[in-house]
Structures are given as C-alpha cells and as structure tokens.
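Notes for the one structure printed next.
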Amino acid sequence: KVYTAPLIAGFVGADTMGVILSSDIDKQKDLTLALDIGTNGEIIIGNRDLLATGSCAAGSALEGAHISDGMRAAAGAMDTIKIDPNTLDVSYTTIKNRNPIGICGSGLIDAVAEMLKSKILTRSGNFNKTLIDNKRLRKKDGKTEFIIAQKDETAIGKEISLSQNDIRQIQMAKAAFFAGSKLILKEMKEINEQFDAKIKQIFLAGAFGNYINKENAKFIGMIPDIPNDKIYQIGNAAGLGAQYCLLNGEMRKKAQSLLSHIKYVEISLKKEFQREYAEAMYFPHLKLDYFSSLKEYRDIPKR
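3 is the number of the first residue of the sequence shown in our numbering; add one for each residue after it.
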C-alpha cells in the first residue's frame, strides 16, 4: 500500500501536515509559529484554539542558490561565521573542517548578522559608505564586496565573498517569512477578535532550521523577537510526521480531521503584502519597535 498525507492547499502540501502532526502545534496552549524553511517556505501559526498556514516564496537563497559563493550544506561549506567589529577579521567553521569552498545557509545568516553588528551593512542592507577602508572590502565590477575568506584560506583558488546582490537575496528571503507570518496573524485576528495574536514560541523545522543560529535569525529579522529559550529547533518534522502516519492509523485519521480546522491564507494575494514585505526588507524591520530587545540596532545606520 502507498499512503499520502492530505494536502492542505496548492503550495502547502503533505510535508506541512507532517510538521503539524509531529510538532503537536495544535495542542499548544501558547501561540506558536512553525517555519519549514526551503525554496517555498511554509508558515504554520496556531495553538489548541486556532490553526492557520500559508506559503511564502522565500526563494532558494537560504539553500545557497543565487548567492555568489553560496552552496548547500556539504563538506567545506562555511556553516558558522563571526566578525571582529574592530578589525573586521573573520573567523569561521566549515562542515567536516575542510578548507572552505562556499557558504551554506546557516553561514549566510551568521555573516549578514555579523556584518550588521560590525556596521559593515546599514539597516537598509547597503554597504556602509562611511566605513573606513579595510582590506576585506573591495570593488568588483564597480560594486562593493566583503571578503569572508581570503584566497589562501580556501580550496577553490579564489576569495569567498558576499556582494550587494547576495545581501539582497537574503533580505528577500527573510522578508518573505516575516511578512507572511504577520499577514497570517492578521487573518487569525479577523477570524476571532478576542484572539491573542502574539507569538509565544517558535518551532524551526527542517535540516536547515536545525542548524541556524537562533539569535542571528532573530537579529536579521527573519523570526519574531522572542526569548531564545522559546525558540525550538525540531529537526525533520515533516519526515517524522510521515513516519507517524505510516505507523499509526489514528494519526492518519487525525490528519484528515485536521483539514477542516486549518485556515489557509493566500499570502501573496493580500493587499497589504507589498507594504509588509517592503517594511520587512529592512534589518531587522523598518519598525524597530517589533525588535525592542535588539539594542545594538540603535547604533546601526538606517541607510
């Protein structure tokens, strides 16, 4: 026999149902945001009272695509990155401790967060023009790049760097997640005016979600500003949900019954989407009130 879990909507498939089943998001007392991070980012928000989901075109930047030196998580991928704010020297780790050949998703989030903390980037995502010349900043084809790894450190015979376009790709991905989450919350509030639409905990699903630095994901504005101990990395939740369905007939019944309780939100068709998306393109957001715990942003230039 072949069993397929039910689809929720066109761009929210059986994998999202798997995340719901394995995470027990429908049993939570506190309002929970679950993100399954991939080319199409699935967003689930809910608790035991209400459940809603939607899909955002996060793009494949967080999987290394469309990034000059981006790559998937494999041997030689830079997976953690730190920048000294005084010297702009970079320290990093790579998967399997190989000489670097590129930057994977977790490293990209670290790099952008660290470039912000070091004021290499402004909140609008531009390179900071007031920054004093540094050996790690260079012009290539008239555009500024920041060198993450020097040529003699890498296994590819050239520097590994991040360009202005690379930063934009990360901005678009993180803005899609934040704006999408905000619009789903708004829809839930419209369904029930008494609904407390404040995220209390976050589940990060998928292999990528399992390895990112939670603080840095929050710092760039990809996820809401809540305490780190309320952000849980739950691994391959979709795969685990599939196992539940294969091994447990009650889970298959639950998957079917959940369909009538899940509100699907077509995020991109919402009239407020473009405005929410544009505001979320800023680091961490145009409205700093949404990220009041991130005091460092007081000193980072806006443009």
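Beta carbons are placed, not taken as given, at the ideal position from N, Cα and C, and that holds for glycine.
Residue burial classification, N238 (beta-carbon count within 10 angstroms, cutoff 16): Counting Cβ neighbours within 10 Å, N238 comes out buried, since at least 16 surround it.
Any alpha helix (DSSP H) of 4 or more consecutive residues that is wholly inside the region 6-88: You should have 16-25.
Residue nearest to Y299 in terms of C-alpha spacing, selected from R125, G243 and Q203: The alpha carbon of Y299 has as its nearest neighbour, out of R125, G243 and Q203, the alpha carbon of R125.
Candidates R170, I162 and F148, of which the one nearest D154 by Cα: Nearest neighbour of D154 by Cα position, chosen from R170, I162 and F148, turns out to be I162.
Chain-order list of residues whose beta-carbon lies under 7 Å from that of K31 (same chain, five-residue window excluded): Closer than 7 Å at Cβ, skipping near neighbours: N49 and R50.
Assigned secondary structure, S163 (DSSP; H/G/I helix, E/B strand, else coil): In the three-state reduction of the DSSP assignment, S163 falls in the strand class, which pools E and B.
Within 8 Å, strictly: CB atoms of K256 and L23: In contact: K256 and L23 (Cβ atoms closer than 8 Å).
Exposure label - V4; buried when at least 16 CB within 10 Å: Counting Cβ neighbours within 10 Å, V4 comes out exposed, since fewer than 16 surround it.
Supposed contact pair E116 and K84 - C-beta distance, whole angstroms, cut 8 Å: Right, the Cβ-Cβ distance comes to about 6 Å (below 8 Å), so this counts as a contact.
Separation of L248 from S108, as counted between CA atoms: Approximately 32 Å between the Cα atoms of the pair.
Own chain, CB closer than 6 Å to I225, minus 5 neighbours either side, in chain order: Only I204 and A219 meet the Cβ criterion.
Beta-carbon proximity of F285 to L118, cut-off 8 Å: In contact: F285 and L118 (Cβ atoms closer than 8 Å).
Contact under 8 Å by Cβ, V114 with I169: Yes, these two residues count as a Cβ contact at 8 Å.
Within the region 93-154, ranges of the beta strand (DSSP E) (whole runs, at least 3 residues): For the region 93-154, whole beta strand (DSSP E) runs of length 3 or above, ordered along the chain, are 139-142 and 145-151.
Short Cβ contact (8 Å threshold) for A178 with L187: No, these two residues do not count as a Cβ contact at 8 Å.
Rounded Cβ spacing between F275 and G223 (contact assumed at less than 8 Å): Contact between F275 and G223 fails: their C-beta atoms lie close to 17 Å from each other, not under 8 Å.
Exposure of I46, with buried meaning 16 or more beta-carbon neighbours within 10 Å: Result: buried.
CB-CB length for G182 against C58, believed under 8 Å: Going by Cβ atoms, the distance from G182 to C58 rounds to 4 Å, so yes, they are a contact pair.
Buried or exposed by the 16-neighbour rule on C-beta atoms within 10 Å, applied to L296: Counting the other Cβ atoms within 10 Å of the Cβ of L296 gives 16 or more, which makes it buried.
Three-state secondary structure (DSSP) of F285: For F285, the secondary structure class from DSSP, reduced to helix, strand or coil, is coil.
N-terminal and C-terminal residue of the beta strand (DSSP E) that L206 is part of: Segment Q203 to A207, the beta strand (DSSP E) holding L206.
Pair within 8 Å by beta-carbon distance, I97 and I158: Not closer than 8 Å, so no.
Residue burial classification, D28 (beta-carbon count within 10 angstroms, cutoff 16): Counting the other Cβ atoms within 10 Å of the Cβ of D28 gives 16 or more, which makes it buried.
Nearest to A67 (by Cα), restricted to the options F293, K304 and A175: It is A175.
P8 versus T55 - alpha carbon distance: Their Cα atoms are separated by approximately 14 Å.
Nearest-angstrom Cα separation, counted from K265 out to A11: Computed Cα separation, rounded: 10 Å.
Cβ distance (whole Å) where E110 is taken to contact I69 below 8 Å: In the sequence as displayed, the identity of residue 110 is Leu instead of Glu. Confirmed, Cβ separation roughly 7 Å.
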